């Protein structure tokens, strides 16, 4: 019998615990499971490991995780709960991967979805360019540039050059006129008919 009022003894660890330490079980007279949440978790983990061993599969080593922390199965690091995104559907209310690992995965997914390349392929392009933007040859290559019509990747540019191409709508004729303008050759339209102008070629 539990000594404290409102307490219940766990059949696993034999501790007297409050009702909040037990999961619900509508089939029990008191509406609570006979084992506390900790014991249920340990039992489930042990049963899972036994099943994996029986199937000849690899079993991860158990790691002692202090309270308020969680083990990231992707990077193997134990981090505080603040290093995780919230996930209301998860048993512990946290994502399965830490924020850092989710960010890495997000970048990989973006490259594959948007440009059809992997991080390794992007890094190979940057290496071929000596790590520099192929337009200005000064800033670091950081942004993948692609043809918006064909989807083909053209190279890796710095932020400014990549944004400039977008502002010029990827039009070589406009870029050529811009270069001429910067060099002091102002382009003047030629009047061919009333209200009809032609730019010199």
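Numbering (the working numbering), first residue to last: 1360 to 1560. Even glycine gets a Cβ: it sits at the ideal position worked out from N, Cα and C. Computed from a predicted structure; not experimentally measured.
Residues near residue i in its chain [Cβ-Cβ closer than 8 Å; skip 5 each side]
i, result
"residue 1362", "Confidence is the limiting factor: at residue 1362 the pLDDT is only 46, short of 50, which leaves the residue's position unreliable, though a coordinate-based value still follows. Within the same chain, residue 1362 has close Cβ partners 1375."
"residue 1454", "1443, 1444, 1445, 1446, 1461"
For residue i, the first and last residue of its enclosing beta strand (DSSP E)
i, result
"residue 1486", "Not the beta strand (DSSP E): residue 1486 falls in the alpha helix (DSSP H), residues 1478-1487."
"residue 1502", "1502-1505"
"residue 1514", "1512-1516"
"residue 1583", "Nothing can be reported for residue 1583: it is not among the residues displayed for the chain, which extend from 1360 to 1560."
"residue 1549", "1549-1552"
Outcome for residue i when other beta-carbon atoms lying within 10 angstroms are tallied against a minimum of 16
i, result
"residue 1408", "exposed"
"residue 1486", "exposed"
"residue 1500", "buried"
"residue 1504", "buried"
"residue 1443", "buried"
"residue 1434", "exposed"
Backbone secondary structure at residue i - three-state DSSP
i, result
"residue 1368", "strand"
Cβ-based neighbour list, residue i, same chain, cut-off 7 Å, excluding 5 preceding and 5 following
i, result
"residue 1438", "1428, 1429, 1431, 1457"
"residue 1481", "1470, 1503, 1515"
First through last residue of the alpha helix (DSSP H) which encompasses residue i
i, result
"residue 1444", "Looking at the DSSP string, residue 1444 is not in any alpha helix (DSSP H), and its letter there is neither H nor E."
"residue 1528", "Run containing residue 1528: none; DSSP gives neither H nor E here."
"residue 1401", "1396-1413"
"residue 1462", "1458-1474"
Proximal residues to residue i (C-beta, below 6 Å), its chain only, five neighbours per side dropped
i, result
"residue 1424", "1430, 1437"
| request: Mind the definition here: the stretch 1494-1506 touches the stretch 1516-1526 only if three or more C-beta pairs lie below 8 Å; say whether that holds. | output: The stretch 1516-1526 and the stretch 1494-1506 touch, with three or more beta-carbon pairs separated by less than 8 Å.
| message | Three or more C-beta pairs under 8 Å: does that hold for the stretch 1389-1400 against the stretch 1366-1380? | response | With contact defined as three or more Cβ pairs closer than 8 Å, the stretch 1389-1400 and the stretch 1366-1380 are in contact.
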